[in-house]
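See below for the structure under consideration.
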Amino acid sequence: MLRVSYHGVVLAWGRVPRFCVDGSSLRRRRSASVASVVATAQGFVMLEEMRQMIRAEINAFGSVVFDVDGSLPGLGRLRCKTFLFQGEPTEALPPCSIQRSAEEDF
């Protein structure tokens, strides 16, 4: 289950299907990889006050940061930042980490 939050308030949540990334070829080359995962929202709650806070932050800073946190089947615990931009998005990837747990080992 992944949760998307804004300043500690959970806005949306949903399950992510199990998937596999073949990292054996990546280890030989010592290169990084990007995997995109689509999570469909199973729940979404946003009060008008929260919408106003997000709009105000976009108007003031040009972007808003959301936290993504949860478990990815087969990988472990995911913690990421994702951005909502006004105008031109940046090419920089948002910070993201995966912490594998013993039960997630193959």
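Note that UniProt numbering has the sequence shown beginning at 1, numbered continuously upward. Note that beta-carbon positions come from the ideal geometry of N, C-alpha and C, so glycine has one too.
If we count the other Cβ atoms within 10 Å of its Cβ and call it buried at 16 or more, is residue 110 buried or exposed?
As shown, the chain starts at 1 and ends at 106. That puts residue 110 outside it, with no answer to give.
Just reading off the beta strand (DSSP E) that arginine 3 is part of, what are its end residues?
Numbered from its first residue, the sequence shown carries residue 3 at position 3. Element bounds for arginine 3: 2-6.
Could you tell me which of Val65, Ala60, Gln52 and Ile58 sits nearest to tyrosine 6, measuring between CA atoms?
To locate residue 6, count along the sequence shown from 1; it is residue 6. It is Val65.
Excluding sequence positions up to five away, which residues of its chain have a Cβ less than 8 angstroms from the Cβ of valine 4?
Here residue 4 refers to the residue found at position 4 of the sequence shown. Around valine 4: Val10, Leu11, Ala12, Trp13, Phe66, Asp67, Val68 and Thr82.
So, helix, strand or coil for aspartate 105, using DSSP?
Counting from one through the sequence shown, the residue named residue 105 turns up at place 105. Caution applies to aspartate 105, whose pLDDT of 45 falls short of 50 and renders its modelled position unreliable; the value that the coordinates give is listed next. Of the three classes helix, strand and coil, the one that applies to aspartate 105 here is coil, per DSSP.
Closest to glutamine 99 by C-alpha separation, out of Phe85, Arg77, Glu57 and Leu84, would be which residue?
Position 99 of the sequence shown, counting from 1, holds the residue named residue 99. Looking at the Cα atoms, Arg77 is the closest of the given residues.
To the nearest angstrom, how far is it from the Cα of leucine 84 to the Cα of proline 73?
Along the sequence shown, read from residue 1 onward, the residue named residue 84 stands at position 84. Along the sequence shown, read from residue 1 onward, the residue named residue 73 stands at position 73. Those two C-alpha atoms are separated by around 26 angstroms.
Taking DSSP's pairing of strands, which residues face residue 181 in a bridge?
Outside the displayed range of the chain (1 to 106) lies residue 181, so it cannot be described from this structure.
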